[in-house]
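Count along the sequence shown from 1, then add 45; that gives the number in the working numbering. Quick reminder that beta carbons are idealized off the backbone N, C-alpha and C, glycines included.
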Amino acid sequence: METKAAPPPTPSEPAKPSQDLSHTWVVAAEIQVEPRIASIADFRGSFKTTAGQRVDALEVYCKGCRRPYDEVRGQDCAEKVDNRHLIGGDQSTRKKRKVPQSPRGATIIPGEKVQRRGIGAYMAGVSRPR
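Shown next, in the form of structure tokens:
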């Protein structure tokens with residue numbers, strides 16, 4: 046007697062790994078250094094500290110959502126959930142900014158065209174501070 050075997054189970058779609066919504070904590074620090082190390086740090090943008098050096102933490106905040114540790118501890122990172130907090134909230138519901146009124150009797154006089162690209166702009170000082 047032959048028995049029919051059940052068809053092999055169809056492979057279900059693999060479960061998507063859940064998105065990591067945790068904060069990335071960073072510390073704004075203050076470290077006292079020698080003048081030689083200060084010049085290296087200014088030139089390279091980084092420097093090495095000695096082992097056991099004490100570092101004063103000025104602020105602890107999330108690198109993504111830029112919110113302080115004590116405000117968002119235990120919550121999901123807003124930057125990973127939705128980036129709207131960086132642009133001032135939902136643009137469709139946010140109140141529009143007020144345009145300042147010009148003073149009475151003031152007239153707007155258009156200036157000359159400013160060259161912002163090319164060698165002419167560089168020579169005129171547009172792209173470099175004076």
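Annotated three-state conformation of Ala-73 is strand, per DSSP. For the pair Glu-79 and Leu-103, the Cα-to-Cα distance works out to about 20 Å.
Each residue's CA atom was taken as its position, placing Gly-97 and Arg-111 some 28 Å apart. Of all C-beta pairs linking the stretch 63-74 to the stretch 105-123, three or more are shorter than 8 Å, placing the two stretches in contact. DSSP, read as helix, strand or coil, puts Ala-123 in helix. Going by beta carbons, Glu-75 and Asp-101 fall inside the 9 Å limit. In this structure Val-126 is not in contact with Tyr-114, their Cβ atoms being roughly 18 Å apart against a cut-off of 8 Å. Looking at the backbone, the Cα of Lys-141 and that of Arg-149 are separated by about 24 Å. Collapsing the DSSP output to three states places Ala-96 in coil. Secondary structure of Glu-116 (DSSP, three-state): helix. A distance below 6 Å between beta-carbons, with the five flanking residues on each side excluded, links Val-72 to the following residues of its chain, in chain order: Ala-102, Val-105. Note on geometry: alpha-carbon atoms of Ala-86 and Thr-95 lie some 14 Å from one another.
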